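Working notes, structure below.
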Amino acid sequence: MRQFIQGIAENNHYQATHLLQILRQIQSRYHYIPEAAIEQLSAALSIPRTQIISVIEFYSFFHLAPRGQYELLISDSITDHMLGKKSLIDYLANKLGVVVGAVREDGVVSLDNTSCTGMCDQGPAGLVNGYALTRLDRPGIDKIVALINQQKPLDEWPGELFQVDDNIYKSGLLLNRQIEHGVALKSALKRGIKETLKEIDNSGLRGRGGAGFKTATKWQFCSEEQQTERYVVCNADEGEPGTFKDRVLLNSYADQVFEGMTVCAAIIGAKQGFLYLRGEYLHLHDKLQSILEQRRQNGLLGSNILGEGLDFDIEICLGAGAYICGEESALIESMEGKAGIPRNRPPYPVTQGYLGKPTVVNNVETFLAAAGIAVNGGDWFANIGTEKSKGTKILSISGDCAHPGIYEYPFGTTVQTVLNDCGADDVLGVQVGGPSGTFISNQEFDRKLAFEDLATGGSFIVFNASRNILDMVHNFTHFFAHESCGFCTPCRVGTSLLQKQLDKIIEGHGSAGDVVALEELCQLVKNYSHCGLGQTAANPILTTLERYPDLYQSRLKEISYEPGFDLDGALETARRMANRYDAGAHLAQLEVNEHE
Amino acid sequence: MANKIRVATTSLAGCFGCHMSFLDIDERMLQLVEVVEFDRSPITDIEHCTNCDIGLIEGGVCNSENVHVLREFRNNCKILVAVGACAINGGLPAMRNHIPLEECLNEAYLDGIGVENPQIPSDIELPLLLDQVRPIHEVVKIDYFLPGCPPSADVFWKFLTDLIEGREPSLPYELVHYD
Numbered sequence: 001m002r003q004f005i006q007g008i009a010e011n012n013h014y015q016a017t018h019l020l021q022i023l024r025q026i027q028s029r030y031h032y033i034p035e036a037a038i039e040q041l042s043a044a045l046s047i048p049r050t051q052i053i054s055v056i057e058f059y060s061f062f063h064l065a066p067r068g069q070y071e072l073l074i075s076d077s078i079t080d081h082m083l084g085k086k087s088l089i090d091y092l093a094n095k096l097g098v099v100v101g102a103v104r105e106d107g108v109v110s111l112d113n114t115s116c117t118g119m120c121d122q123g124p125a126g127l128v129n130g131y132a133l134t135r136l137d138r139p140g141i142d143k144i145v146a147l148i149n150q151q152k153p154l155d156e157w158p159g160e161l162f163q164v165d166d167n168i169y170k171s172g173l174l175l176n177r178q179i180e181h182g183v184a185l186k187s188a189l190k191r192g193i194k195e196t197l198k199e200i201d202n203s204g205l206r207g208r209g210g211a212g213f214k215t216a217t218k219w220q221f222c223s224e225e226q227q228t229e230r231y232v233v234c235n236a237d238e239g240e241p242g243t244f245k246d247r248v249l250l251n252s253y254a255d256q257v258f259e260g261m262t263v264c265a266a267i268i269g270a271k272q273g274f275l276y277l278r279g280e281y282l283h284l285h286d287k288l289q290s291i292l293e294q295r296r297q298n299g300l301l302g303s304n305i306l307g308e309g310l311d312f313d314i315e316i317c318l319g320a321g322a323y324i325c326g327e328e329s330a331l332i333e334s335m336e337g338k339a340g341i342p343r344n345r346p347p348y349p350v351t352q353g354y355l356g357k358p359t360v361v362n363n364v365e366t367f368l369a370a371a372g373i374a375v376n377g378g379d380w381f382a383n384i385g386t387e388k389s390k391g392t393k394i395l396s397i398s399g400d401c402a403h404p405g406i407y408e409y410p411f412g413t414t415v416q417t418v419l420n421d422c423g424a425d426d427v428l429g430v431q432v433g434g435p436s437g438t439f440i441s442n443q444e445f446d447r448k449l450a451f452e453d454l455a456t457g458g459s460f461i462v463f464n465a466s467r468n469i470l471d472m473v474h475n476f477t478h479f480f481a482h483e484s485c486g487f488c489t490p491c492r493v494g495t496s497l498l499q500k501q502l503d504k505i506i507e508g509h510g511s512a513g514d515v516v517a518l519e520e521l522c523q524l525v526k527n528y529s530h531c532g533l534g535q536t537a538a539n540p541i542l543t544t545l546e547r548y549p550d551l552y553q554s555r556l557k558e559i560s561y562e563p564g565f566d567l568d569g570a571l572e573t574a575r576r577m578a579n580r581y582d583a584g585a586h587l588a589q590l591e592v593n594e595h596e
Numbered sequence: 597m598a599n600k601i602r603v604a605t606t607s608l609a610g611c612f613g614c615h616m617s618f619l620d621i622d623e624r625m626l627q628l629v630e631v632v633e634f635d636r637s638p639i640t641d642i643e644h645c646t647n648c649d650i651g652l653i654e655g656g657v658c659n660s661e662n663v664h665v666l667r668e669f670r671n672n673c674k675i676l677v678a679v680g681a682c683a684i685n686g687g688l689p690a691m692r693n694h695i696p697l698e699e700c701l702n703e704a705y706l707d708g709i710g711v712e713n714p715q716i717p718s719d720i721e722l723p724l725l726l727d728q729v730r731p732i733h734e735v736v737k738i739d740y741f742l743p744g745c746p747p748s749a750d751v752f753w754k755f756l757t758d759l760i761e762g763r764e765p766s767l768p769y770e771l772v773h774y775d
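Chains A and B are the protein sequences, given in the same order. Oh and the first sequence: position 452 is 452 in the numbering used here, straight run, nothing missing. Every position in the second sequence, counted from 1, becomes a number in the numbering used here once 596 is added.
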């Protein structure tokens, strides 16, 4: 092991910023991070061992105790649940002879849940040793169980288990036509760098990750910074449950995305770029590396690009299972080899980003659009959409519809149009923008997709009338409690309290004051949290509470109060140990039953 | 005398530190008893409470007796108040929540150093321990929370005088910041 770790450290030039990438390799080889490895890395990278441990504990894909040689993770997204995930994982656990969350006694396999893996249009989905599994069903699971029990290496597993489809059902401005490699760059250089930034400005392009900051303004700010060492980062940490468009863009439009990054680099004067790829998209890694290599050979990356004296290269950083790293400053922390805890902003990344240097962080789709604009000009883009939201938006549609997949629409399209196209009927409501977004009811389908009405990073989950809204709220609220980075108290404690209070009501232990208490808690978490995660973690409850108050009220009991936990059950251990079976050794759940 | 405001107090899984802090209102106690009459409380030694206006609860819920006492207070007090860190969060006694109850009992009564005649106490007079120490608001409805470990005498004074004079109680920042 010493030699193995020495080798990785050397390949990573003993850079502590590469800690995540180093730990990924160790985890993949040993299925955990052994204590000896931590000691050795601490010396090799000159960082304290506690810092390494904090990183291991922070990311879901790193473990201090051994996992199975086959690490199976099943996606816990609401869309997977809608496709029967619960019964599948029970079936899988039973067949494998392992408890969910544990390692089988022989150490061969471990099974657990994981947050949405971005396969919502082809779930139920999972990961085996980091590689995406799609369309899981019982026959597929039988196959997987047999392969694991025979201890077949992953590269001998049948390809269909790992088959990931694009499922593009509707293309528009961006998806219709791929630009030829190098054309965006050539057009930008021919037109002139300043003029190209002007075109992007004229296009009205706003960030596609959800926040919608104007792209040209961000790039301009960065280019005006005093520091000349600058960076371009493409945020492909697509963790919002129900979003998977970036996976498709990187699978089929990666050249154009890289080209957009290169145009950005030319404009802001960056020499180095990064693609931060979420760990769940490991299956794309090798393909993307070879595209980058191809671009280097074609003179589109590297030094003296296109003979124009431009130097720029792109490195891929893989994440390790942390939703919060989609927040740009957390993402930068993660790129620096640290736990993904959001920074205080300001300063914003454009002034102090990666390694404290000016950095542009944009979504995959933003770079794709920027490349298109570099070729076709600002008007091409600005002529489509609404006044405040120009161009098109690529949606990831999943849930109860005939054709879940990728759809590109001009901004201003109504929800009803989208529902008609994807073949959704008998619709109860739609979760727009993922758990952190908004739930809209079937009374609001004339609302429009646009920054000024329904802003979305692209997640669009359809629920039909057979679904229970509280199941969805339950799933989302637990998701946030799991993904809270733990830095600030309102979010760390608040998301857990939200989960507890919601469960109390859903499980039928709630009474008169409990919904009010829930709402007060929501406001506290929303208003006092450090970053967007906490500020939006209460949205699933708040948006549904506003629309369906009766749904919550109907779960309440007509009593003043009931504990949210099994009171008598809490005495079980003491009862057993003291051998007490008298009436005094029990507690009634409700005090009205008790007369002293 | 009949119109005096009736107050009951008790300590569940607490250390009586909150009660001690309450007594620190010192000579103001004389002012208080002008308008207040104490029902069940360590001060009076009354065993069970009857109809009261205000109930002050110190300490969290660690055993079945705590649950019974808490319910008695809830049934008899118009306003029930969680007093201090243990009542609000479980506090120090809740540190055992990280250790399974079975291990705690084994250590205390069977395997611990110096234990003679090892056995788990078992008598119908003895309340059973809950597997976790709970804040009191998880067991009954609580109307107000007085933070602090313990809340200072001024916190008690401000809170009670507000209530007694018919104001919505509010604690100024100076009374609830601790650094």
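Yeah, the Cβ is synthetic: ideal placement off N, Cα and C, and Gly gets one too. All of these numbers come straight from a predicted model, not from anything done at the bench.
Would you mind giving the Cβ-Cβ distance between G242 of chain A and R278 of chain A, rounded to the nearest angstrom? I have them listed as a contact below 8 Å. Here residue 242 of chain A refers to the residue found at position 242 of the first sequence. Here residue 278 of chain A refers to the residue found at position 278 of the first sequence. About 14 Å separates the Cβ atoms of G242 of chain A and R278 of chain A, ruling out a contact at the 8 Å cut-off.
Short of 7 Å Cβ to Cβ, which residues in the segment 692 to 705 of chain B face chain A? Cβ contacts with chain A come from L697, E698 and L701.
Report the option in A:Q226, A:L154 and A:C264 whose CA atom is closest to the CA atom of G192 of chain A. Start at 1 with the first residue of the first sequence, and residue 192 of chain A comes out as number 192. Here the closest residue by C-alpha is A:C264.
With 9 Å as the C-beta to C-beta threshold (strictly closer), list the residues of the segment 564 to 575 of chain A near chain B in chain order. Of all residues in the segment 564 to 575 of chain A, only G564, F565, L567, G569, A570, L571, E572, T573, A574 and R575 come within less than 9 Å of chain B when Cβ atoms are compared, listed by chain position.
Got a sec, what are the start and stop residues for the beta strand (DSSP E) I675 of chain B sits in? Here residue 675 of chain B corresponds to residue number 79 of the second sequence, with the count starting at 1. For I675 of chain B, the enclosing beta strand (DSSP E) covers residues C673 to V679.
Using only the alpha-carbon positions, how far apart do E698 of chain B and M691 of chain B sit? As a working mapping, residue 698 of chain B is identified with position 102 in the second sequence. As a working mapping, residue 691 of chain B is identified with position 95 in the second sequence. Rounded to the nearest whole angstrom, the C-alpha separation of E698 of chain B and M691 of chain B is 15 Å.
Listing by chain order, which chain B residues have their CB less than 7 Å from the CB of S560 of chain A? Along the first sequence, one-based indexing puts residue 560 of chain A at 560. Under the 7 Å cutoff, chain B gives K737.
Burial state of E105 of chain A (16 or more Cβ within 10 Å): Here residue 105 of chain A is taken as the residue at index 105 of the first sequence, counted from 1. E105 of chain A comes out exposed.
Just checking: is the beta-carbon of D599 of chain A within a distance shorter than 8 Å of some beta-carbon in chain B? Because residue 599 of chain A is not part of the residues shown, which for chain A are 1 to 596, the question remains open.
Do the segment 193 to 212 of chain A and the segment 440 to 459 of chain A meet, that is, are 3 or more Cβ pairs less than 8 Å apart? Yes, the segment 193 to 212 of chain A is in contact with the segment 440 to 459 of chain A.
Inter-residue Cα distance where the pair is N593 of chain A and I559 of chain A: Walking along the first sequence from the start, residue 593 of chain A turns up at place 593. Walking along the first sequence from the start, residue 559 of chain A turns up at place 559. Low per-residue confidence applies at N593 of chain A: pLDDT is 44, beneath 50, and the placement is therefore not dependable, though the value from the model is reported in the following sentence. When rounded, the distance between both Cα atoms is 12 Å.
Member of A:R138, A:P540 and A:R29 whose CA lies at the smallest distance from the CA of R67 of chain A: Taking the first residue of the first sequence as 1, we reach residue 67 of chain A at position 67. Looking at the Cα atoms, A:R29 is the closest of the given residues.
8 Å is my cut-off, CB to CB: does P717 of chain B come that close to chain A? The count along the second sequence starts at 1 and reaches residue 717 of chain B at position 121. P717 of chain B counts as touching chain A.
Taking the beta strand (DSSP E) that A604 of chain B falls in, what are its first and last residues? One-based indexing of the second sequence puts residue 604 of chain B at position 8. Where A604 of chain B is concerned, the enclosing beta strand (DSSP E) stretches over I601 to S607.
Cutoff 6 Å; reference L567 of chain A; Cβ partners in own chain excluding five residues on either side: To locate residue 567 of chain A, count along the first sequence from 1; it is residue 567. Hits under 6 Å: L587 and Q589.
For F752 of chain B, tell me which candidate among B:V735, B:D620, B:A604 and B:C611 has the shortest Cα-Cα distance. Taking the first residue of the second sequence as position 1, residue 752 of chain B is located at position 156. Checked all of B:V735, B:D620, B:A604 and B:C611; the closest Cα to F752 of chain B is B:D620.
Residue(s) in a DSSP beta bridge with Y231 of chain A: For the purposes of this step, residue 231 of chain A is taken as the residue at position 231 of the first sequence. Answer is A:Q272 and A:T359, bridged to Y231 of chain A.
Any contact between the segment 200 to 207 of chain A and the segment 351 to 369 of chain A? By contact I mean 3 or more CB pairs, one from each, below 8 Å. These segments touch.
Taking the alpha helix (DSSP H) that R29 of chain A falls in, what are its first and last residues? Locating residue 29 of chain A in the first sequence gives position 29, where the first residue counts as 1. It spans L19 to Y30 - the alpha helix (DSSP H) in which R29 of chain A sits, taken as one unbroken run.
Under the three-state DSSP convention, the category G326 of chain A falls into: In the first sequence, the residue the question calls residue 326 of chain A occupies position 326. Helix, per DSSP.
At 4 residues or longer, and completely inside the segment 453 to 502 of chain A: list those alpha helix (DSSP H) runs for me, N to C. The DSSP assignment places 469 to 483 as complete runs of the alpha helix (DSSP H) inside the segment 453 to 502 of chain A, in order along the chain (cut-off: 4 residues).
Taking buried to mean at least 16 other C-beta atoms within 10 Å of its own C-beta, is R2 of chain A buried or exposed? Locating residue 2 of chain A in the first sequence gives position 2, counting from the first residue. By the 10 Å Cβ count, R2 of chain A comes out exposed.
List the endpoints of the continuous alpha helix (DSSP H) containing I56 of chain A. Here residue 56 of chain A corresponds to residue number 56 of the first sequence, with the count starting at 1. In the DSSP assignment, I56 of chain A falls within the unbroken alpha helix (DSSP H) covering R49 to F58.
N- and C-terminal bounds of the alpha helix (DSSP H) containing A37 of chain A: Taking the first residue of the first sequence as position 1, residue 37 of chain A is located at position 37. For A37 of chain A, the enclosing alpha helix (DSSP H) stretches over residues E35 to L45.
Note down the Cα distance separating K622 of chain A from E712 of chain B, rounded to an integer number of angstroms. Chain A is shown from 1 up to 596; residue 622 of chain A falls before or after that span and cannot be answered.
Just the chain B side, please: which residues come within less than 8 Å of D582 of chain A by C-beta, in chain order? Position 582 of the first sequence holds residue 582 of chain A. For D582 of chain A, the residues of chain B that pass the 8 Å Cβ criterion are I720, in the order they occur in the chain.
Range of the contiguous beta strand (DSSP E) that encloses N659 of chain B: As a first step, residue 659 of chain B is located in the second sequence; it is residue number 63 there, counting from the start. Where N659 of chain B is concerned, the enclosing beta strand (DSSP E) stretches over V657 to N659.
Looking at chain B, is there any beta carbon in it that lies within less than 8 Å of the beta carbon of A65 of chain A? Numbered from its first residue, the first sequence carries residue 65 of chain A at position 65. No Cβ of chain B is located within less than 8 Å of the beta carbon of A65 of chain A.
Between which two residues does the alpha helix (DSSP H) harbouring T413 of chain A extend? Here residue 413 of chain A corresponds to residue number 413 of the first sequence, with the count starting at 1. From DSSP, T413 of chain A is part of no alpha helix (DSSP H); its letter is neither H nor E.
Is it true that the segment 252 to 260 of chain A meets the segment 409 to 419 of chain A, where meeting means three or more beta-carbon pairs spaced less than 8 Å apart? As far as the Cβ criterion goes, the segment 252 to 260 of chain A does not touch the segment 409 to 419 of chain A, which means the pair count is below three.
Specify the secondary structure class of I440 of chain A as computed by DSSP and reduced to three states. Reading the first sequence from its first residue, position 440 is the one you call residue 440 of chain A. DSSP places I440 of chain A within a strand segment (E or B) once states are collapsed to three.
Which same chain residues end up closer than 6 Å to L189 of chain A when comparing Cβ atoms and leaving out the 5 residues on each side of it in sequence? Locating residue 189 of chain A in the first sequence gives position 189, where the first residue counts as 1. Counting only residues of its own chain and dropping the five nearest sequence neighbours on each side, L189 of chain A has a CB closer than 6 Å to the CB of E308.
Would the segment 544 to 554 of chain A count as touching the segment 484 to 500 of chain A if we require 3 or more Cβ pairs under 8 Å? The segment 544 to 554 of chain A vs the segment 484 to 500 of chain A: no contact.
For D758 of chain B and T215 of chain A, the rounded distance between their alpha carbons: For the purposes of this step, residue 215 of chain A is taken as the residue at position 215 of the first sequence. For the purposes of this step, residue 758 of chain B is taken as the residue at position 162 of the second sequence. For T215 of chain A and D758 of chain B, the distance between alpha carbons rounds to 55 Å.
With contact counted as at least three CB pairs below 8 Å, one residue from each stretch, are the segment 79 to 87 of chain A and the segment 118 to 125 of chain A in contact? Result yes; three or more Cβ-Cβ pairs closer than 8 Å.
Name the chain A residues whose beta carbon is nearer than 7 Å to that of L725 of chain B? As a first step, residue 725 of chain B must be located in the second sequence, where it is residue number 129. Here the neighbours are A574.
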